[in-house]
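Asker: This is the structure I want to talk about, given as structure tokens.
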Amino acid sequence: MYVYADVIVALNSILNLIILYLTAKVAGGNFSWRRIIFCSIMSSIYVLGEFYPPLFFLYMLPAKIILSLIIVIGAFGYTSLRQLIQLLGFFYLVSFIIGGAVVGWMYLLPTADCYPATLVSSFHHLTCGDVLLGSLFGVGLVLLLAKGIIERRINRRMVMEILIEYKDKSTTAKALIDSGNRLFTIAGHRPVVIIELRAIERILSSQVVYYLHQTMVDDWIAGIENCHDPEWLERMEVIPYQSVGKQSIMVGFRPDSVRVKMQNDELLLDVILGIVKEKLSPDGQYLALLHSQIIDYFGNNEEAVVCALPGQS
Numbered sequence: 040m041y042v043y044a045d046v047i048v049a050l051n052s053i054l055n056l057i058i059l060y061l062t063a064k065v066a067g068g069n070f071s072w073r074r075i076i077f078c079s080i081m082s083s084i085y086v087l088g089e090f091y092p093p094l095f096f097l098y099m100l101p102a103k104i105i106l107s108l109i110i111v112i113g114a115f116g117y118t119s120l121r122q123l124i125q126l127l128g129f130f131y132l133v134s135f136i137i138g139g140a141v142v143g144w145m146y147l148l149p150t151a152d153c154y155p156a157t158l159v160s161s162f163h164h165l166t167c168g169d170v171l172l173g174s175l176f177g178v179g180l181v182l183l184l185a186k187g188i189i190e191r192r193i194n195r196r197m198v199m200e201i202l203i204e205y206k207d208k209s210t211t212a213k214a215l216i217d218s219g220n221r222l223f224t225i226a227g228h229r230p231v232v233i234i235e236l237r238a239i240e241r242i243l244s245s246q247v248v249y250y251l252h253q254t255m256v257d258d259w260i261a262g263i264e265n266c267h268d269p270e271w272l273e274r275m276e277v278i279p280y281q282s283v284g285k286q287s288i289m290v291g292f293r294p295d296s297v298r299v300k301m302q303n304d305e306l307l308l309d310v311i312l313g314i315v316k317e318k319l320s321p322d323g324q325y326l327a328l329l330h331s332q333i334i335d336y337f338g339n340n341e342e343a344v345v346c347a348l349p350g351q352s
């Protein structure tokens, strides 16, 4: 029997691409086509080692798990251990589902080379312990998948896109409606939208971006005279806040406008942006935290286009 390496690599590349694409869809995160195509091709070359006996150790369980980790990290990057474990679980689950579908298809369409009885007999070495452990593993993966789907549905309802405009520039960011965000400014009692610095860098001047990056967060207020952008300084506000066990202050910034993008309209908000450096979402699903009072306005009449938050005239 002849084995054509190019055919094997091509077929495995297609299957790997399907598996990685479905993994990304199930996980609900962003992905790069270039990365998953590259990883699909590279991982398909791994199959060729089966025809070279000295490389048998690459096909033992530890090696396969390590390879799976490399594929997942290569295709989707590394953000956190929790996200990596979740992606790895989705990757295995999708792989098993596709593998089961292939076996099922072979069972439904028996041929001279593959009769249903041979499929059954090939598993005669399985023990009850193997079946039990495999079943528990499958249940764990299904529960993980269900948890991920539930979280995605919740996030779709709670995560919205906001449009920020300042000095003829604009940028968008994903924002979570945070029931715990009850910050208001001292002057004007305006609600505060907490946002990561990286989300608004493109609308800020180079002087402001340089200052905020080069200065420690705790020194932003004390060393504000080193920020050489008078127009931005006029829009800056100091926002006192209290977190667990400490009181601190946050740099606030008043842009020209902040709008929440809805399905068929936009909601204008009269808010202040509270700037932070740390990540608000471990997996990067959102870059800002909307004020808790936003929740109330979605229960109001849909004809109300302007969100009359406290302090808005």
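Sequential numbering from 40 applies to the sequence shown in the working numbering. We put the CB at the ideal spot given by N, CA and C, even for glycine. Here the structure is a predicted model, which is why all the values come from computation and not from measurement.
1) Can you have a look at W259 and say buried or exposed, based on whether 16 or more other CB atoms are within 10 angstroms of its CB?
2) With respect to 7 Å, is the separation between the Cβ of I47 and the closest non-hydrogen atom of the ligand GDP below this value?
3) According to DSSP, is K316 part of a helix, a strand, or is it coil?
4) Could you check the C-alpha separation between L272 and R74 for me, to the nearest Å?
5) According to the neighbour-count rule (16 or more other Cβ atoms, all chains shown, within 10 Å of its Cβ), is A49 buried or exposed?
6) Below 8 Å on the Cβ atoms is my contact criterion, and I expect M203 with V299 to pass it. Report the Cβ-Cβ distance as a whole number of Å.
7) Taking the straight line between their C-alpha atoms, what separation do you get for G227 and I233?
8) In terms of alpha-carbon separation, which member of E200, L329 and S244 lies closest to F223?
9) Using the beta-carbon count (16 or more within 10 Å), is V231 buried or exposed?
10) So does the segment 74-90 actually touch the segment 47-66, counting three or more Cβ pairs closer than 8 Å?
11) Measure from the alpha carbon of S71 to the alpha carbon of each residue in N51, G116 and D45, then state which is nearest.
12) Assign L272 to one of three DSSP states: helix, strand, or coil.
13) Grab me the residues of R293's own chain with a C-beta within less than 7 Å of its C-beta, minus the 5 sequence neighbours each way, in chain order.
14) Quick one: is I104 buried, meaning 16 or more other Cβ sit within 10 Å of its Cβ, or exposed?
15) Tell me the DSSP secondary structure of R298 in three-state form.
Answerer: Working from what's here:
1) If you number the sequence shown from 1, residue 259 lands on position 220. Of the residues assessed, W259 falls on the buried side of the cut-off, its CB having 16 or more other CB atoms within 10 angstroms.
2) Absence of the ligand GDP is noted for the structure shown, with no ligands found whatsoever.
3) If you number the sequence shown from 1, residue 316 lands on position 277. It is coil, neither helix nor strand.
4) As a position in the sequence shown, residue 272 is number 233, starting the count at 1. As a position in the sequence shown, residue 74 is number 35, starting the count at 1. Distance between the alpha carbons of L272 and R74: 42 Å.
5) Here residue 49 refers to the residue found at position 10 when the sequence shown is read from its first residue. Counting the other CB atoms within 10 Å of its CB gives A49 a total below 16, which places it among the exposed residues.
6) The residue you call residue 203 lines up with position 164 of the sequence shown. The residue you call residue 299 lines up with position 260 of the sequence shown. In the sequence as presented, Met is not what sits at residue 203; that position holds Ile. Actually they do not touch by this definition, with Cβ atoms about 11 Å apart.
7) Here residue 227 refers to the residue found at position 188 of the sequence shown. Here residue 233 refers to the residue found at position 194 of the sequence shown. The alpha-carbon atoms of G227 and I233 are separated by roughly 17 Å.
8) Mapped onto the sequence shown, residue 223 falls at position 184. Of E200, L329 and S244, the residue nearest in Cα terms is L329.
9) As a first step, residue 231 is located in the sequence shown; it is residue number 192 there, counting from the start. Around the C-beta of V231, 16 or more other C-beta atoms lie within 10 Å, and the residue is accordingly described as buried.
10) Output reads yes: the segment 47-66 touches the segment 74-90.
11) Numbered from 1 along the sequence shown, position 32 holds the residue referred to as residue 71. It is G116.
12) Reading the sequence shown from its first residue, position 233 is the one you call residue 272. Secondary structure at L272: helix, using DSSP grouped into helix, strand and coil.
13) Locating residue 293 in the sequence shown gives position 254, counting from the first residue. Cβ within range, chain order: R274, E276 and I311.
14) Locating residue 104 in the sequence shown gives position 65, counting from the first residue. The C-beta of I104 has fewer than 16 other C-beta atoms within 10 Å across all chains shown, which makes the residue exposed.
15) For the purposes of this step, residue 298 is identified with residue 259 of the sequence shown, where counting begins at 1. Strand, per DSSP.
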